[in-house]
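For what it's worth, numbering that gives the first Met the number 0 labels the leading residue of the sequence shown as 0, then goes sequentially.
The beta-carbon is built from N, C-alpha and C at its ideal position, and this holds for glycine as well.
Here is the structure we will look at, set down as structure tokens.
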Amino acid sequence: MTERADHDAVFRALADPTRRALLDRLRERNGQTLTELCEPVNMARQSATQHLGVLEAANLITTVRRGRAKLHYLNPVPLWEIERRWIGRFERPRLAALGAIKDQAEHQEETVTPEKVTADRPDYVYVTYIESSPERVWQALTDADLTARYWGHSNQSDWQPGSTWQHVRVDGSGIADVVGTVIESIPPKRLTLTFDAPGEPPAGGPSVVTFDIEPYQDIVRLTVTHDNLAGQDALDAISAGWPAVFANLKSLLETGHVLPTAPWEMHAGLRAEQMSRNDPA
């Protein structure tokens, strides 16, 4: 698909109010089954399935199997690409200010309902498609030198189940901002590891990241699932982080070079705050 065709599919999908309502449902609580999406709006399963098919074809949602359940997740990539093309360079500061005013006004009138309460430990799923091979994508996730090029950190481990891994800064300090344990390693298909800041383990247990690499003809579908997040702050951080990191990864594998500006610079304040927690006293 060309970029124009991709955008056409996104706009067609968003043109229908029912599909927008389904996206709003997932925005309120990600990772819902078909039954959960249908119940509050009294929608027939067949109708919902058709609408969800259009949204998935536009890459606005993705699905993950957990046992017998098929869970639906928002995929922010198409909207991020549209925002970057038409809004990001010119209007973000002004629109952010207007959005803050609007949110404050609406918050004063908002009534909290059970449907608006998200899960205590939300999950996150991100999907991207890369013109590459599974072997190259696997190497990009596990090679210390390659991760240093597109991630700003070097991922270091022997990547054997039970081994430790570290997400080490490339400034020569040797500081690791994320550490964990390799849970599952099946090259070049799946890598699962714990993913948390160094120090005492979280009270609710470690968060877990899974990379699923699926080949399709001459492209690869890379799905990143982040489970057992500590709360909304953690969800906000990784929602900014994963799209930025894998935009750079996609550029490196498809063009041979990373993006001219590191995408995470858009969230420089959040990144600096996270890294400062691991700086020596």
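Inter-residue spacing [alpha-carbon to alpha-carbon] between Y128 and N74
12 angstroms
Whose C-beta lies closer than 7 angstroms to the C-beta of Q138 among residues of the same chain, with five residues either side of it excluded?
L145
Ignoring anything shorter than 4 residues, give me the alpha helix (DSSP H) runs that lie fully in the region 205-256, in order along the chain.
231-254
Quick one, which of I60, T17, G173 and L70 has its alpha-carbon nearest T34's?
L70
I'd like the list of long-range same chain contacts for A68, defined as Cβ closer than 8 angstroms, with 5 residues on each side in sequence excluded.
T32
If I follow the unbroken alpha helix (DSSP H) through G52, where does it start and stop?
R44 to A56
First through last residue of the alpha helix (DSSP H) which encompasses R19
P16 to E27
CB-CB under 8 angstroms to R26, same chain, minus the five flanking residues each way: which ones, in chain order?
L73
For F210 and L140, which I take to be in contact (beta-carbon distance under 8 angstroms), what is that distance rounded to the nearest angstrom?
6 angstroms
Kindly indicate if chain C contains any beta-carbon less than 8 angstroms away from that of G179.
The structure shown contains no chain C; it is built from a single protein chain.
To which residues of the same chain is Y125 closer than 6 angstroms at the C-beta, ignoring the five residues directly before and after it?
V223 and W241
Could you tell me how far apart the beta carbons of P205 and N227 are, in whole angstroms, since I believe they sit closer than 8 angstroms?
7 angstroms
Using the beta-carbon count (16 or more within 10 Å), is A12 buried or exposed?
buried
So what's R65 in DSSP terms, helix, strand or just coil?
strand
How is T260 classed by DSSP in three states: helix, strand or coil?
coil
Can you name the start and end residues of the beta strand (DSSP E) that Q155 belongs to?
H152 to Q155
Could you pull the DSSP bridge partners for D176 from this structure?
In DSSP, D176 forms no bridge with anything.
Do N58 and D122 come within 8 angstroms of each other at the CB atom, strictly closer than that value?
no
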